[in-house]
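These notes concern the structure reproduced below.
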Amino acid sequence: RSLPMLSSALASSSAALDGRAGVMLVKHRNGLLEITLSRGSQLNALGATMLGDILDAATGAAADPSVRALLLRSDDARAFSAGGDVRALTEELSWEARAAILHLEYAAIAAVGRLALRMPVVAISDGVTMGAGMGLFMAANRRLVSGRARLGMPECVIGLCPDAGVTHHLTALPPGFVGMFCALTGSALGAADALYAGLGTAHCPEAAVDVLEQRLREQDVVGLDALLAAHCEPMQEHSTLSGLQARIDAIFGQPNLEQTMLALNYATEEVRARLPKGQPEISDARLHASYEWLLRCKEKLDAGAPAAVHVAHFAMSRSFQKRVSAFTAFQMELAANQQLLARKDFNEGVSCVIGERKGEKPAWEHIDLDAAKSDSKVKSVIALVEVALDYDAQAVRPQARDAAKAAAGDVAVGASRGQAQNRETDDDE
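Residues -6 to 422 in our numbering are what the sequence shown spells out, letter by letter.
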């Protein structure tokens, strides 16, 4: 928040600074810090003010020994958070201010993620959880989904690539190439699919959410996990993705985007050729469902801005190969989306998805993926992604290894000292 360009943006832009938007903080006697997203009229779209409040709360909690657990919740059953306030970013802000607010978003989510390394952080998705909202949700280490949950990263349809640290989660958690499927299509996952993909850790029925939240406020946080287990239950609904895993891997596990598109088109035509002909009612429901799913995949892939889809595929492919850390994912996403925010595609996508031209087909900068790939400015975005990945390989991972070795050495020294003390005690006896 101290960045000069961000301070200037907040001071001058009513779009970025909405006094009605907010985050409610309550610190309970049992050591639970409760953060409530409270902007229901906007589906808890995360504006700069809210992000600053979350960052302050998370950094304050890290320095406060009396805080023993964190609860992230929404006061609107329709949404945990629909994402960042992208409408505000298109209205009055310069590119510098947009980039600064993106920094703030990532800093807030990263602060929650760091807090999750040292204490229980519970997030409850009881509705729409998209974009930056999904990034915030994924920063928690106990992620509950209700039957109303809808999780997704539809960034490509507004000219951006999946971000808020989710590149790391989509390559580290889901089985096979479900993460690539989610990133490129922006498909919203229900509770059963979110649990299958590892995005959610437990299912809390809608009727139990309010009761659970109240119990968390009242009971000792030492028994937090037992409390969660008592209010969560197995999902009765079957995961759709589990039955599509082989097909997802065959399509979205291809080495490049061109082959992904070819595999999708081939699968669509192959299934279509097997459908019964000349019948108004298709007897094979499973075959028909598979065909409909393939058509939706193609429709969603085609709906994304070609430049964004290309960058997203490249970033995800490299992340799969290198298994990037959450830190590197933030750096890589920031490098890409700072540039994509300055492109015409961002304004165009926001306008046609949630703005004044909602429902219209966007006029993207590039007619297709080939045009996007040959654009020198898009190539520069790809180069920035590579720089972030090189930094991870040359600096971040070696530092992590050195820290791990140091920690292992401390443990070994402690163990040897303990053994020496034990020998001295035996000698004395």
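Cβ atoms here follow ideal geometry from the backbone N, Cα and C, with glycine treated the same way.
Contact between the stretch 213 to 220 and the stretch 148 to 161 is absent: fewer than three C-beta pairs spanning the two stretches fall below 8 angstroms. Counting along the chain, the unbroken alpha helix (DSSP H) around I47 starts and ends at 41 to 55. In the structure shown, M309 adopts helical secondary structure according to DSSP, grouped into three states. In chain order, G152, A298, A300, A301, W357, E358 place their CB closer than 7 angstroms to the CB of D338, counting only its own chain and leaving out the 5 sequence neighbours on each side.
In the DSSP assignment, R265 falls outside any beta strand (DSSP E) and lies within the alpha helix (DSSP H) extending over 250 to 267. By the 16-neighbour rule on beta-carbons within 10 angstroms, E349 is exposed. The three-state reading of DSSP puts V60 in coil, since its state is none of H, G, I, E or B. For the 8 angstroms CB-CB criterion, C154 and A376 do not form a contact. Measuring C-alpha to C-alpha distances from T261 to each of V204, R289, A93, L65 identifies R289 as the nearest.
When DSSP states are grouped into helix, strand and coil, F170 belongs to the coil group.
Under the Cβ criterion (8 angstroms, minimum of three pairs), the stretch 196 to 212 does not count as touching the stretch 243 to 250. Excluding its 5 nearest sequence neighbours in each direction, G140 has C-beta neighbours in its own chain below 7 angstroms: A184, P198, E199, listed in chain order. Comparing alpha carbon positions, the residue from A308, M127, S59 closest to V374 is A308. Within its own chain, the residues whose Cβ lies closer than 6 angstroms to the Cβ of F174, once the five positions on either side in sequence are excluded, are I241, F245, listed in chain order. With the rule of 3 Cβ pairs closer than 8 angstroms, the stretch 40 to 49 counts as touching the stretch 83 to 101. Rounded to whole angstroms, A62 and V215 show a C-alpha spacing of 9 angstroms.
Secondary structure of L26 (DSSP, three-state): strand. For K351, the secondary structure class from DSSP, reduced to helix, strand or coil, is coil.
Unbroken alpha helix (DSSP H) runs of no fewer than 4 residues, entirely contained in the stretch 191 to 225, are found at 199 to 211, 217 to 224, following chain order. By the C-beta density criterion, V19 is exposed, having fewer than 16 other C-beta atoms within 10 angstroms.
For A72, the enclosing beta strand (DSSP E) covers residues 72 to 74. Between the stretch 126 to 142 and the stretch 104 to 111, the count of Cβ pairs shorter than 8 angstroms is three or higher; the stretches touch. Pairing A165 with R136 gives a Cβ-Cβ distance that is not under 8 angstroms. L25 sits away from S67, with the two beta carbons spaced by 8 angstroms or more. Taking all protein chains shown into account, Y259 has fewer than 16 neighbouring C-beta atoms within 10 Å of its C-beta and is therefore exposed.
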